[in-house]
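Numbering (my numbering), first residue to last: 1340 to 1861.
Here a beta-carbon is modelled for each residue, glycine too, at the ideal position from N, C-alpha and C.
As the structure is a computational prediction, the values presented were derived from the model and not from experiment.
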Amino acid sequence: MQHDFDYIIIGSGFGGSVSALRFSEKGYKVLVVEKGKWYKATDFAKTNWNLRKWLWMPYLRFFGIMKMSIFKNIVVISGTGIGGGSLVYANTLPIPKTNFYKSGSWSQLADWETELKPFYQLALKMLGAARNPKLFDGDIALQTLAKEMGREDQFEHPDVAVFFGKEGQQVKDPYFEGQGPDRSGCTFCGGCMTGCRHNAKNTLDKNYLYLAQNNGAEILAENEVVDVVPIDNNDGASGYKISVKSSTKIFGKKKYFTVKGVVFSGGVLGTIKLLLKLKQKSLPLLSDTLGDNIRTNNETLISVSTLDKTKNLSKGVAIGSMLHTDENSHLEIVRYAEGSGFWKLLHLPLSNGSNSLTRLLNMFKQFFRFPLSYFKIYFRNSWSKSTTVLLFMQSIDSTLKFKENWFGGMSSTVSSGVKPSADIPASIALTKRYSEIIGGKPTSFVLESIAGIPSTAHVLGGAVMAEDTSKGVINKNNEIFGYKNMLVIDGAMISANPGVNPSLSITAIAERAMAQIKPKMS
1340 MQHDFDYIII GSGFGGSVSA LRFSEKGYKV LVVEKGKWYK ATDFAKTNWN
1390 LRKWLWMPYL RFFGIMKMSI FKNIVVISGT GIGGGSLVYA NTLPIPKTNF
1440 YKSGSWSQLA DWETELKPFY QLALKMLGAA RNPKLFDGDI ALQTLAKEMG
1490 REDQFEHPDV AVFFGKEGQQ VKDPYFEGQG PDRSGCTFCG GCMTGCRHNA
1540 KNTLDKNYLY LAQNNGAEIL AENEVVDVVP IDNNDGASGY KISVKSSTKI
1590 FGKKKYFTVK GVVFSGGVLG TIKLLLKLKQ KSLPLLSDTL GDNIRTNNET
1640 LISVSTLDKT KNLSKGVAIG SMLHTDENSH LEIVRYAEGS GFWKLLHLPL
1690 SNGSNSLTRL LNMFKQFFRF PLSYFKIYFR NSWSKSTTVL LFMQSIDSTL
1740 KFKENWFGGM SSTVSSGVKP SADIPASIAL TKRYSEIIGG KPTSFVLESI
1790 AGIPSTAHVL GGAVMAEDTS KGVINKNNEI FGYKNMLVID GAMISANPGV
1840 NPSLSITAIA ERAMAQIKPK MS
């Protein structure tokens, strides 16, 4: 049967971008569908006060690069646009420790640490990983904390997806033998997470997607897939009919395509939401475990604002240093560029407690104990210049489950282990020590301070690998159980808690999945 495309890839993040390039290299005709917009360097918001270009909130006609989704148990920050999460993530590319490969539903399927090793190296090369060469005030304070803890050997400059040439100087493609776009040296402005305006961040539109387009892959922006129907009404052996509609126009005609195969790469929130809908309509053979085994890296995001005007915490790459605080945990310094102070409107003094009343009382206690300090934080200081975000992560496991709700969206429940919490004693203790070093006060997102609901930029799982449908949604080669030529290749496939920023792992596992695909027969 003649199809419009061999494969349609739903989403253009790390998994989708790898798939687009590798399928196109193997001779397949590929279409990538992305609900977000194309952003060039000059299109990004100068600061995060420009909500229309920073936040993805279509009902307000905001079509930016960052989406914030609130659930009962977690607040999820994710990316939208051509390049997916790479547009808004903090560039950091760590390799997980051994426990990641030996836990979770995938642990018995392969010797993952050995098998993925060459794909991690390939991913690092493709993403242009380089060791952060410079430390600034926020990083130096973390290094001081490491010394105080006697863990200076556990402090490191991370590998990041940034081009460190001469600051602001444009050069010909330094990565792909001239086949990629021109690049410019990082200026260490701290603006990575509002969108790099200096052409230094190695976002996916500058590597995988750029090269895929050179191979003939097509990219359809500002559209989203709403239906996937097997042409044979069975297992998809004859292909699929895909329905697509505009994600930015209020009125617009649906588009229809026929394809041999489908790759779900819309990130956990996009992929799981769509698959849950399709399971009830056109893909009934999907595993009943769909939406289960959602992980969050057990993380907290706590801001600390210094009152020392000589410090500039906005300078540097988004994450320029990290400290391994124990065998299961680590702490990273996160920053926004000077002028990006929107987050202060959603932050309250750090407070913990067993219930909301206790939290409110503790929060007001902080206000009344240090009124002048908090007045300066909210009204006098440049928030991003004086503030760093402490990202604390653990590899300790607990899981959530996402399911459809009555309104066509998703809701969350606890699946196994303890529910995610903003009250992690180790995180709070580290925050206190870091605050003392920089002479600052801690604040956190309003739902953390009042309701104890933590935030995460690293939601994972929901369509995990397993040996059969009773334990997971996909096999070890990312193929969906029950259907032909249908794969999940994004954060939803992650089947254990990496305990570190997951983008590199998603890329490496995607590379491995693509290595299993045979070239197209002519």
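If you drop the 5 nearest sequence neighbours on each side, which residues of the same chain put their C-beta closer than 7 Å to that of I1434? Once the five neighbours on either side are set aside, the close Cβ partners of I1434 are Y1459, L1843.
Anyone know if the C-beta pair for R1708 and I1789 falls short of 9 Å? Contact flag unset, no.
What is the DSSP secondary structure of E1563, reduced to helix, strand or coil? Here E1563 carries a strand assignment [DSSP, helix/strand/coil].
Assign F1731 to one of two classes, buried (16 or more other C-beta atoms within 10 Å of its C-beta) or exposed (fewer than that). Around the beta carbon of F1731, a 10 Å sphere encloses 16 or more other beta carbons of the protein chains shown; the residue is thus reported as buried.
Do F1475 and F1527 count as a contact pair if the criterion is CB distance below 9 Å? By the CB criterion at 9 Å, F1527 and F1475 fall inside the cutoff.
Give every residue of the same chain whose Cβ lies closer than 7 Å to the Cβ of C1531, excluding the five residues on either side of it in the sequence, and list them in chain order. Cβ neighbours of C1531 beyond the five flanking positions: A1429, N1430, K1540, V1656, A1657.
From Y1346 to G1423, what distance separates their C-alpha atoms? Distance between the alpha carbons of Y1346 and G1423 is about 19 Å.
Taking all protein chains shown into account, do 16 or more other C-beta atoms lie within 10 angstroms of the C-beta of P1781, making it buried, or fewer, making it exposed? For P1781, the number of other beta carbons within 10 angstroms of its own is at least 16, and it is reported as buried.
In chain order, what residues of the same chain lie with their CB nearer than 6 Å to the CB of A1847, ignoring the 5 residues before and after it? Closer than 6 Å at the Cβ level, and outside the excluded window around A1847, lie L1455, F1458, Y1459, A1462.
Between which two residues does the beta strand (DSSP E) containing Q1733 stretch? Residues 1726-1733.
Three-way DSSP call (helix, strand, coil) for W1745 in this model: Judged by DSSP in its simplified three-state form, W1745 adopts coil rather than helix or strand.
Inspect the beta-carbon positions of D1627 and T1808 and report whether they are closer than 9 Å. In contact: D1627 and T1808 (Cβ atoms closer than 9 Å).
Terminal residues of the continuous alpha helix (DSSP H) containing L1629? Segment: none, L1629 is in no alpha helix (DSSP H) and carries neither H nor E.
Run through the segment 1765-1830 for me and flag every whole alpha helix (DSSP H) of 4 or more residues, listed as ranges in chain order. With a minimum length of 4 residues, the continuous alpha helix (DSSP H) runs that stay inside the segment 1765-1830 are 1785-1790.
When burial is assigned at 16 or more other CB atoms within 10 Å of the CB, is M1804 buried or exposed? M1804 sits buried, since 16 or more C-beta atoms from the chains shown fall within 10 Å of its C-beta.
When you compare the CB positions of S1425 and F1353, do they come within less than 9 Å of one another, or not? In terms of Cβ geometry, S1425 and F1353 form a close pair [threshold 9 Å].
Between T1381, G1811, M1396, R1361, which has its C-alpha nearest K1588's C-alpha? Of T1381, G1811, M1396, R1361, the residue nearest in Cα terms is M1396.
Hey, S1351 and L1614: beta-carbon distance below 9 Å or not? No; because the gap between Cβ atoms is not below 9 Å, this pair is not in contact.
What's the C-alpha gap between K1618 and I1776? Rounded to whole angstroms, K1618 to I1776 spans 52 Å at the Cα level.
Judging by CA-CA distance, which residue of E1818, S1755, L1646 is the nearest neighbour of S1737? The shortest CA-to-CA distance from S1737 to any of E1818, S1755, L1646 is the one to S1755.
Could you check the C-alpha separation between M1749 and E1506 for me, to the nearest Å? For M1749 and E1506, the distance between alpha carbons rounds to 44 Å.
Who pairs with H1669 in a beta bridge, going by DSSP? For H1669, which the question treats as bridged, DSSP gives the partners H1663, M1732.
Under 9 Å between the Cβ atoms of K1599 and N1824? Closer than 9 Å, so yes.
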